[in-house]
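In our numbering, the protein residues as written are 2 to 393.
Reading through the structure tokens given below for one structure.
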Amino acid sequence: MDKHPEISPTSLSFSQDPLVEQAVVTEKIANDFDSAMMLRCLELAAKALGRTSPNPLVGAVVVQNGEVVGEGFHPRAGEPHAEVFALKAAGERARGSTIYVSLEPCNHYGRTPPCSEALINAGVSKVVVGMVDPNPLVAGGGIARLRAAGIEVVVGVEEAACRRLNEGFIHRILYQRPLGILKYAMTLDGKIATTSGHSAWVTNQDARAEVHRLRAACDAVIIGGNTVRQDNPDLTSHNCDAHNPLRVVMSRSLNLPEQARLWNTSQAPTLVLTEVGSSQTFQNMLREKGVEVVEFRSLTPEQVMTHLYERGFCSVLWECGGILAANAIAQGAVQKIMAFIAPKIIGGNHAPTPVGDLGLTSMTQALPLERVSWRIVGSDCLVEGYLPSVVN
Ligand SMILES: Nc1c(N[C@@H]2O[C@H](COP(=O)(O)O)[C@@H](O)[C@H]2O)[nH]c(=O)[nH]c1=O
Ligand SMILES: [Zn+2]
């Protein structure tokens, strides 16, 4: 494996996270080598993108005398944790090594035994942790257990990047709901389609590829009946190696086409959420095609997020039209906005916009986004931000 030169400490970084403070962090010296190893952990973790929920994405790297001797990542819930794979790959060379892990090693018996014990038994000398595990079953306990065993522990290396990769998991743990991401594509004059409803394509190919990657990272994609009727989308990640999210359609009436791309479940599963009293004949037709149908007494974005939480989901992508998007925002089902803006003008007083009526009457009531960033994707611009009061 690659030989990495040891580099002396060059930077100090201190976490803002109260959990990190609680976790008896006494010293935190990160250097370029530590950063490089942690970024490698994240690269490994991302190999399981979209497949680990309700568990986090975690990567681990074992380094002995500046040389990587073992790597691992958590492939899916129920399987061993990243540390276990990395220790196994390192074998006897784990003794006296430094292990880098993007998330604090666990200290509890869950579906698998505690990684803290596995690290102690393997004779590891030092553990470099990306972020404290917000899971109350761990929350600093893994770090404390390792320190009690005389192992040096450094916490918070590339912490922001570690948190970003697991923002869905963190949100799920803190709020008992999946992170809701509202993604839309609009023209520079704020339209998502022409007045006649034509929307293919607002954005360029690069932006569409970005959306496919985003789907691969999410557990579910939600649309309403209108989007099925108008766009007939297939909502997959368009990459046979990548994960496909569960495709969710919210439709009270089940006034949906008999033929739709989403009813073909050979590539990805589809879930139709409806209300008690909708057509049993249509429900049976969907079930025969392999589509799962669940009836709610009252079908709302909030109920849907509760249902998806109970299914173990961490991240849910809202790819719906403006009316459902406004409902989802109003009911707290959206925390993050991803707006692709194409530099073109379509006009039209009645051309649809990304978010319908929120009932706001004054500019002072506008929902301000926090932690806003933007980047160019092909010829479009992607603006991202979070609705207030989301910790992540
Ligand atoms: N290191 C690490 C995790 N660490 C912690 O363990 C919890 C899941 O435990 P279990 O039910 O035993 O799989 C998870 O919520 C997280 O808090 N989990 C993971 O799935 N993978 C890993 O690599
Ligand atoms: Zn573990």
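Yeah, the Cβ is synthetic: ideal placement off N, Cα and C, and Gly gets one too.
Taking 7 Å as the cut-off, the C-beta of Asp134 counts as close to a heavy atom of ligand 1. Beta-bridge partners assigned by DSSP to Gln65: Glu68.
The criterion of a C-beta distance shorter than 8 Å is satisfied by Ile224 and Glu320. Ordered by chain, the residues meeting the criterion of a beta-carbon within less than 5 Å of a non-hydrogen atom of ligand 2 are His82, Cys107, Cys116. Of the residues Thr204, Ile342, Lys290, the one whose Cα lies closest to the Cα of Leu383 is Ile342. Counting along the chain, the unbroken alpha helix (DSSP H) around Gly143 starts and ends at 142-149. By the C-beta criterion, the region 180-187 is judged not to be in contact with the region 152-166, since fewer than 3 inter-stretch pairs fall below 8 Å.
Here the C-alpha atom of Thr196 lies approximately 13 Å from the C-alpha atom of Asp190. Contact annotation: Val63 and Leu45 have beta-carbon atoms that are not nearer than 8 Å. When rounded, the separation of the alpha-carbon atoms in Tyr176 and Ala327 is 21 Å.
Taking the CA atoms as reference points, Gly51 sits about 21 Å from Asp207.
For Arg216, the enclosing alpha helix (DSSP H) begins and ends at 206-218. For Glu84, the shortest C-beta to heavy atom distance toward ligand 1 is below 7 Å.
Out of Gly349, Leu370, Leu40, the CA that lies nearest to the CA of Ala162 is found in Leu40. Looking at the DSSP output, Arg248 sits in a beta bridge with Val222, Thr271. The C-beta distance from Ser316 to Gly124 rounds to 37 Å, too long to fall under 8 Å, and the pair is not in contact. Distances from the alpha-carbon of Ser254 to those of Gly291, Gln268, Val222, Glu296 put Glu296 closest. Counting along the chain, the unbroken alpha helix (DSSP H) around Lys89 starts and ends at 83-91. Beta-bridge pairing by DSSP links Lys127 to Thr99, Glu153.
If you ignore the 5 residues before and after Pro270, its C-beta comes within less than 6 Å of the C-beta of Leu247, all in its own chain and listed in chain order. Burial state of Gln366 is exposed, judged by a 10 Å Cβ sphere holding fewer than 16 other Cβ atoms.
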